[in-house]
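Numbering (our numbering), first residue to last: 161 to 403.
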(Lines of atoms letter the chains of each structure in order from A and count residues from 1; the text may use other names and numbers.)
(Lines give C-alpha, C1' and ligand atoms only; values in the text may rest on other atoms or scores of the structure.)
Protein backbone atom coordinates (compact mmCIF):
# COMPACT_ATOMS: atom_id res chain seq x y z
CA UNK A 1 0.00 0.00 0.00
CA UNK A 2 1.37 3.36 -0.99
CA UNK A 3 1.49 5.91 1.79
CA UNK A 4 1.09 9.51 0.79
CA UNK A 5 3.37 11.80 2.74
CA UNK A 6 1.73 14.93 4.09
CA UNK A 7 2.74 18.12 2.35
CA UNK A 8 4.79 20.53 4.37
CA UNK A 9 2.84 23.59 5.39
CA UNK A 10 4.04 26.89 4.03
CA UNK A 11 5.20 29.27 6.76
CA UNK A 12 2.72 32.03 7.49
CA UNK A 13 4.22 35.51 6.96
CA UNK A 14 4.42 37.42 10.25
CA UNK A 15 1.70 39.97 10.80
CA UNK A 16 2.67 43.63 11.13
CA UNK A 17 2.68 45.20 14.62
CA UNK A 18 -0.98 46.24 14.79
CA UNK A 19 -2.02 49.36 16.70
CA UNK A 20 -5.37 48.28 18.15
CA UNK A 21 -6.20 51.57 19.98
CA UNK A 22 -5.60 53.53 16.77
CA UNK A 23 -8.01 51.28 14.84
CA UNK A 24 -10.67 51.72 17.50
CA UNK A 25 -10.19 55.52 17.64
CA UNK A 26 -10.31 55.91 13.86
CA UNK A 27 -13.51 53.87 13.63
CA UNK A 28 -15.15 55.87 16.41
CA UNK A 29 -14.11 59.17 14.79
CA UNK A 30 -15.92 58.11 11.62
CA UNK A 31 -19.04 57.19 13.58
CA UNK A 32 -18.84 53.59 12.35
CA UNK A 33 -19.81 50.44 14.22
CA UNK A 34 -17.84 47.19 13.88
CA UNK A 35 -20.69 45.96 11.64
CA UNK A 36 -20.04 48.80 9.19
CA UNK A 37 -16.32 48.04 9.08
CA UNK A 38 -16.88 44.34 8.52
CA UNK A 39 -19.43 45.01 5.77
CA UNK A 40 -17.06 47.39 3.99
CA UNK A 41 -14.23 44.87 4.06
CA UNK A 42 -16.49 42.13 2.72
CA UNK A 43 -18.18 44.13 -0.02
CA UNK A 44 -15.35 46.38 -1.18
CA UNK A 45 -12.30 44.21 -0.60
CA UNK A 46 -13.57 40.68 -1.11
CA UNK A 47 -12.89 39.39 2.40
CA UNK A 48 -16.03 37.35 3.18
CA UNK A 49 -14.62 35.96 6.42
CA UNK A 50 -14.49 39.34 8.17
CA UNK A 51 -17.22 39.62 10.80
CA UNK A 52 -18.01 42.30 13.39
CA UNK A 53 -16.65 39.93 16.01
CA UNK A 54 -13.31 39.74 14.20
CA UNK A 55 -13.14 43.53 14.00
CA UNK A 56 -13.76 43.71 17.75
CA UNK A 57 -11.01 41.13 18.37
CA UNK A 58 -8.59 43.27 16.36
CA UNK A 59 -9.50 46.35 18.39
CA UNK A 60 -9.08 44.45 21.64
CA UNK A 61 -5.65 43.28 20.54
CA UNK A 62 -6.47 39.59 20.97
CA UNK A 63 -5.64 38.90 17.32
CA UNK A 64 -3.88 40.92 14.62
CA UNK A 65 -5.03 41.37 11.03
CA UNK A 66 -2.97 39.85 8.25
CA UNK A 67 -1.31 42.14 5.71
CA UNK A 68 -4.26 41.97 3.23
CA UNK A 69 -6.73 42.52 6.08
CA UNK A 70 -4.73 45.49 7.33
CA UNK A 71 -4.73 47.09 3.88
CA UNK A 72 -8.50 46.59 3.56
CA UNK A 73 -9.13 47.89 7.07
CA UNK A 74 -7.15 51.03 6.29
CA UNK A 75 -9.25 51.54 3.16
CA UNK A 76 -12.51 51.24 5.07
CA UNK A 77 -11.27 53.60 7.78
CA UNK A 78 -9.98 56.13 5.25
CA UNK A 79 -6.44 56.11 6.56
CA UNK A 80 -3.02 54.86 5.52
CA UNK A 81 -1.88 51.40 6.65
CA UNK A 82 0.92 53.13 8.53
CA UNK A 83 -1.63 54.71 10.88
CA UNK A 84 -2.76 51.25 11.98
CA UNK A 85 0.59 49.71 12.86
CA UNK A 86 3.21 50.35 15.47
CA UNK A 87 6.73 51.42 14.63
CA UNK A 88 7.77 49.22 11.68
CA UNK A 89 11.13 47.48 11.87
CA UNK A 90 11.32 44.84 9.17
CA UNK A 91 11.37 45.27 5.41
CA UNK A 92 7.84 43.85 5.13
CA UNK A 93 6.47 46.09 7.87
CA UNK A 94 7.88 49.24 6.25
CA UNK A 95 6.38 48.24 2.89
CA UNK A 96 2.96 47.59 4.44
CA UNK A 97 3.13 50.88 6.35
CA UNK A 98 3.58 52.66 3.01
CA UNK A 99 0.64 50.83 1.50
CA UNK A 100 2.80 49.30 -1.24
CA UNK A 101 2.60 45.88 -2.82
CA UNK A 102 5.72 43.73 -2.97
CA UNK A 103 5.89 43.98 -6.76
CA UNK A 104 5.83 47.80 -6.57
CA UNK A 105 8.86 47.86 -4.29
CA UNK A 106 10.67 45.21 -6.31
CA UNK A 107 10.13 47.18 -9.51
CA UNK A 108 11.23 50.46 -7.90
CA UNK A 109 14.52 49.02 -6.64
CA UNK A 110 15.23 46.96 -9.75
CA UNK A 111 14.99 43.47 -8.25
CA UNK A 112 12.92 40.55 -9.50
CA UNK A 113 9.80 39.97 -7.41
CA UNK A 114 10.77 36.46 -6.33
CA UNK A 115 14.19 37.62 -5.12
CA UNK A 116 12.64 40.54 -3.25
CA UNK A 117 10.01 38.28 -1.65
CA UNK A 118 12.76 35.99 -0.40
CA UNK A 119 14.50 38.94 1.22
CA UNK A 120 11.27 39.90 2.99
CA UNK A 121 10.71 36.35 4.19
CA UNK A 122 14.26 36.12 5.53
CA UNK A 123 14.19 39.71 6.86
CA UNK A 124 17.59 40.13 5.22
CA UNK A 125 18.26 42.81 2.63
CA UNK A 126 20.95 41.86 0.10
CA UNK A 127 20.69 44.64 -2.47
CA UNK A 128 23.67 46.57 -3.81
CA UNK A 129 24.34 50.26 -3.09
CA UNK A 130 22.16 51.53 -5.95
CA UNK A 131 19.29 49.25 -5.00
CA UNK A 132 19.68 50.18 -1.33
CA UNK A 133 19.43 53.88 -2.18
CA UNK A 134 16.28 53.19 -4.21
CA UNK A 135 14.84 51.16 -1.33
CA UNK A 136 15.43 54.01 1.13
CA UNK A 137 13.67 56.38 -1.25
CA UNK A 138 10.62 54.27 -2.09
CA UNK A 139 10.02 53.33 1.56
CA UNK A 140 10.99 56.81 2.83
CA UNK A 141 13.40 55.29 5.34
CA UNK A 142 15.26 57.37 7.88
CA UNK A 143 18.91 56.48 8.38
CA UNK A 144 18.20 54.51 11.61
CA UNK A 145 15.38 52.62 9.87
CA UNK A 146 17.61 51.92 6.88
CA UNK A 147 20.34 50.50 9.10
CA UNK A 148 17.79 48.27 10.86
CA UNK A 149 16.15 47.07 7.63
CA UNK A 150 19.48 46.23 6.04
CA UNK A 151 20.54 44.18 9.04
CA UNK A 152 23.39 46.39 10.25
CA UNK A 153 22.05 46.98 13.75
CA UNK A 154 23.93 44.02 15.19
CA UNK A 155 27.31 45.08 13.82
CA UNK A 156 26.70 48.70 14.84
CA UNK A 157 25.86 47.59 18.37
CA UNK A 158 29.07 45.55 18.60
CA UNK A 159 31.22 48.50 17.53
CA UNK A 160 29.48 50.92 19.88
CA UNK A 161 29.81 48.64 22.91
CA UNK A 162 33.52 48.34 22.27
CA UNK A 163 33.82 52.10 21.75
CA UNK A 164 32.26 53.05 25.09
CA UNK A 165 34.01 50.34 27.11
CA UNK A 166 37.53 50.83 25.67
CA UNK A 167 39.11 53.66 23.65
CA UNK A 168 36.44 55.32 21.50
CA UNK A 169 38.97 56.87 19.10
CA UNK A 170 39.72 53.50 17.52
CA UNK A 171 36.09 53.02 16.44
CA UNK A 172 35.45 56.25 14.55
CA UNK A 173 36.59 54.77 11.24
CA UNK A 174 34.81 51.37 11.54
CA UNK A 175 31.53 53.08 12.45
CA UNK A 176 32.09 55.55 9.62
CA UNK A 177 32.39 52.69 7.15
CA UNK A 178 29.04 51.38 8.32
CA UNK A 179 27.18 54.71 8.34
CA UNK A 180 27.21 57.72 5.96
CA UNK A 181 27.96 60.22 8.74
CA UNK A 182 30.72 62.82 8.89
CA UNK A 183 33.90 62.02 10.83
CA UNK A 184 33.61 65.08 13.07
CA UNK A 185 30.06 64.18 14.03
CA UNK A 186 31.06 60.59 14.80
CA UNK A 187 33.96 61.77 16.93
CA UNK A 188 31.69 64.05 18.97
CA UNK A 189 29.05 61.33 19.38
CA UNK A 190 31.43 58.53 20.37
CA UNK A 191 33.32 60.80 22.79
CA UNK A 192 30.06 61.85 24.45
CA UNK A 193 28.78 58.27 24.68
CA UNK A 194 32.10 57.11 26.14
CA UNK A 195 31.90 59.83 28.79
CA UNK A 196 28.27 58.96 29.57
CA UNK A 197 29.00 55.27 30.02
CA UNK A 198 32.20 55.74 32.01
CA UNK A 199 30.45 58.29 34.21
CA UNK A 200 27.73 55.77 35.02
CA UNK A 201 30.33 53.13 35.83
CA UNK A 202 32.42 55.38 38.10
CA UNK A 203 30.84 54.04 41.35
CA UNK A 204 32.12 50.58 40.35
CA UNK A 205 35.69 51.62 41.18
CA UNK A 206 36.88 49.66 44.27
CA UNK A 207 36.69 51.62 47.49
CA UNK A 208 37.27 51.01 51.19
CA UNK A 209 33.84 52.44 51.93
CA UNK A 210 31.65 49.36 52.40
CA UNK A 211 28.57 51.60 52.32
CA UNK A 212 29.19 52.22 48.64
CA UNK A 213 28.17 48.70 47.63
CA UNK A 214 24.58 49.76 46.92
CA UNK A 215 25.75 52.57 44.63
CA UNK A 216 28.05 50.15 42.84
CA UNK A 217 25.19 47.72 42.26
CA UNK A 218 23.05 50.54 40.85
CA UNK A 219 25.89 51.60 38.58
CA UNK A 220 26.34 48.06 37.33
CA UNK A 221 22.65 47.82 36.46
CA UNK A 222 22.67 51.23 34.76
CA UNK A 223 25.75 50.24 32.77
CA UNK A 224 24.14 47.02 31.54
CA UNK A 225 21.01 48.92 30.54
CA UNK A 226 23.09 51.47 28.64
CA UNK A 227 24.85 48.72 26.71
CA UNK A 228 21.57 46.90 26.03
CA UNK A 229 20.19 50.10 24.50
CA UNK A 230 23.43 51.17 22.87
CA UNK A 231 22.05 51.61 19.34
CA UNK A 232 19.08 53.63 20.59
CA UNK A 233 21.45 55.75 22.69
CA UNK A 234 23.65 56.27 19.63
CA UNK A 235 20.85 57.66 17.46
CA UNK A 236 19.57 59.96 20.20
CA UNK A 237 23.13 61.29 20.68
CA UNK A 238 23.49 61.79 16.92
CA UNK A 239 20.25 63.78 16.92
CA UNK A 240 21.43 65.99 19.78
CA UNK A 241 24.73 66.70 18.05
CA UNK A 242 23.16 67.40 14.67
CA UNK A 243 21.17 70.43 15.77
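Positions of the beta carbon are idealized from the N, C-alpha and C atoms, including for glycine.
Given the structure is predicted, the values throughout are model-derived calculations rather than measurements.
Check                                                                                                                                                                               : Outcome
Starting from residue 200, follow the alpha helix (DSSP H) in both directions and report where the run begins and ends.                                                             : 194–205
Spatial neighbours of residue 157 within its chain, please: CB distance less than 7 Å, with the 5 preceding and 5 following residues excluded, ordered by chain position.           : The question about residue 157 has no answer here: the residues shown for the chain are numbered 161 through 403.
According to DSSP, is residue 271 part of a helix, a strand, or is it coil?                                                                                                         : coil
Anyone know if the C-beta pair for residue 271 and residue 178 falls short of 8 Å?                                                                                                  : no
Could you say which of 273, 182 and 296 lies nearest to residue 218 if we only look at CA atoms?                                                                                    : 182
Our contact map puts residue 490 next to residue 269 with C-beta atoms below 8 Å; I'd like the distance itself, whole angstroms only.                                               : Summary: the structure shown does not reach residue 490, with the chain confined to residues 161 through 403, and so no result is reported for it.
Mind checking whether residue 202 and residue 208 have CB atoms under 8 Å apart?                                                                                                    : yes
In terms of alpha-carbon separation, which member of 231, 224, 221 and 336 lies closest to residue 200?                                                                             : 231
Closest by CA to residue 318, which one among 334, 305 and 303?                                                                                                                     : 334
Exposed or buried, residue 255, counting other C-beta atoms within 10 Å across all chains shown (16 or more means buried)?                                                          : buried
Identify every residue that forms a DSSP beta bridge with residue 155.                                                                                                              : Because residue 155 is not part of the residues shown, which for the chain are 161 to 403, the question remains open.
Ends of the alpha helix (DSSP H) at residue 349?                                                                                                                                    : 343–361
Smallest Cα separation from residue 180: which of 204, 249, 386 and 242?                                                                                                            : 242
Of the residues 343, 331, 324 and 348, which one's Cα is nearest the Cα of residue 361?                                                                                             : 324
Give me, in chain order, the residues of the same chain whose beta-carbon lies closer than 7 Å to that of residue 388; leave out the 5 immediate sequence neighbours on both sides. : none
According to DSSP, is residue 234 helix, strand or coil?                                                                                                                            : helix
Using a Cβ-Cβ cut-off of 7 Å (strictly less than) and excluding sequence neighbours within five positions of residue 257, which residues of its own chain qualify?                  : 241, 242, 245 and 248
Does the beta carbon of residue 201 come closer than 8 Å to any beta carbon on chain B?                                                                                             : Among the chains of the structure shown, chain B does not appear; only one protein chain is present.
Give me, in chain order, the residues of the same chain whose beta-carbon lies closer than 8 Å to that of residue 262; leave out the 5 immediate sequence neighbours on both sides. : 255, 273, 276, 277 and 280
Quick check on residue 288: buried or exposed, where buried means 16 or more other Cβ atoms within 10 Å of its Cβ?                                                                  : exposed
For the alpha helix (DSSP H) that residue 141 lies in, which residues bound it at each end?                                                                                         : No information on residue 141 is available, as it lies outside the stretch 161 to 403 that the chain covers here.
Considering only heavy atoms of the ligand NAP, does any lie closer than 7 Å to the CB of residue 296?                                                                              : In the structure shown, the ligand NAP is absent, as is every other ligand, since no ligand is present at all.
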